[in-house]
Structures are given as structure tokens and as C-alpha cells.
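Participant: Numbering (our numbering), first residue to last: 4 to 167. Can you read through this structure? Questions will come right after.
In C-alpha cells:
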């Protein structure tokens, strides 16, 4: 039986809510309103989420390019296949939605792929922010286009400002 644990983590671009259990991380989401959220202190972080916090700290510090976490996102079989393919987009790279659908084997599924990207429950670790429009535009990001831009610039080595 699952015992879902939750913690909150302050990132340079907002408060992240992290949920998971012994089966892996189920979700990492960024919150737009952090006024009612208490950031977890290191002694309050559930053991099953501690490695996630460590790796996110390293990512934001610029010392981690790949995550090595046990993931357990909840979604349909199709969504799972899209999210798994997102893991193949390397740090500092981007892929268009059309390229993403080609990787999945069905260019006609572009809207379904874009929808699945938008439902990605594991922010940053499953890097849907690395998928862009065919014209290079930063389209469609559930966390806000400004966060997508920040993350892509962070991964390109550009100096970023902390906004929160």
C-alpha cells in the first residue's frame, strides 16, 4: 500500500511541491502561489524524497545534468510513452514537437504528444521544457513560458537571476 509523502522545496523560479513514496517520485510541480506554503526544513523531508531534493539542489547549482531518481509518474500508457521519450532529450538540447512525434513513430499525433507533454507530472526531471515549437518558439509550458525560458537558459550556461 502506498504511503504518499509530500515536501516543499524553494527553487530559483518558484516553490516546488514534491510527492512520492517508496515506489518513486510521482510528481514535482511548481506552484504559482507560495503564500500558504511552508518550505520543508531538511529534518522534515521524508526519506523517500531526500535524494530528489539533493539532485534538484545540484541541478540548480549547475553541477547536475542528469537525474538518477526512481520515478513513478501516474498516467495513461500513451502519456507514459511520451514522458519516457522526453527523458532522451539531453541537458542543454531542445527538440521540436514534430521531432518528438517522429521519435514516437506517429507524426499525426502531434496534438496528443503536446497534450501529454503538458500533463507531465514530474517537472524538470522529465524535461518537457526542452520541447519547443518548429519555429523555435517557446510554446506550451504548464509552468509558464517564463520558467521554460529560464530553464533553457540555465541549461545553456547563461547566468540566471533568482526570481523567488
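Ideal Cβ placement from N, Cα and C applies to all residues, glycine included. As the structure is a prediction and not an experimental result, all values here were calculated from the model.
#1: Please look up how many angstroms separate the CB atoms of residue 90 and residue 123, rounded, as I've assumed it's under 8 Å.
#2: Please report whether the beta-carbon of residue 106 lies at a distance below 7 Å from any beta-carbon of chain D.
#3: Between the Cα of residue 3 and the Cα atoms of 128, 160, 25 and 100, which residue gives the shortest distance?
#4: Name the residue from 6, 7 and 16 whose alpha carbon lies nearest to the alpha carbon of residue 157.
#5: Taking only runs that begin and end inside the region 6-74, name each unbroken beta strand (DSSP E) of 3 or more residues, in chain order.
#6: For residue 132 versus residue 154, is the C-beta distance shorter than 7 Å?
#7: Measure the alpha-carbon distance for residue 167 versus residue 32 and round it to whole angstroms.
#8: Nearest CA to the CA of residue 84: which residue from 151, 61, 57 and 117?
#9: Taking only the alpha-carbon atoms, compute the straight-line gap between residue 143 and residue 7 and give it to the nearest angstrom.
Facilitator: On the basis of the data shown:
#1: Rounded, the Cβ-Cβ distance is 11 Å, inconsistent with contact.
#2: No chain D appears in the structure shown, which is made up of a single protein chain.
#3: The structure shown does not extend to residue 3, since the chain spans only 4 to 167, so no value can be given for it.
#4: 16
#5: Fully enclosed beta strand (DSSP E) runs of no fewer than 3 residues occupy 8-14, 17-24 and 27-34 of the region 6-74, in order along the chain.
#6: yes
#7: With a pLDDT of 45 at residue 167, under the threshold of 50, the modelled position of that residue is not reliable, and the figure given next carries that caveat. One C-alpha to the other measures close to 15 Å.
#8: 117
#9: 29 Å
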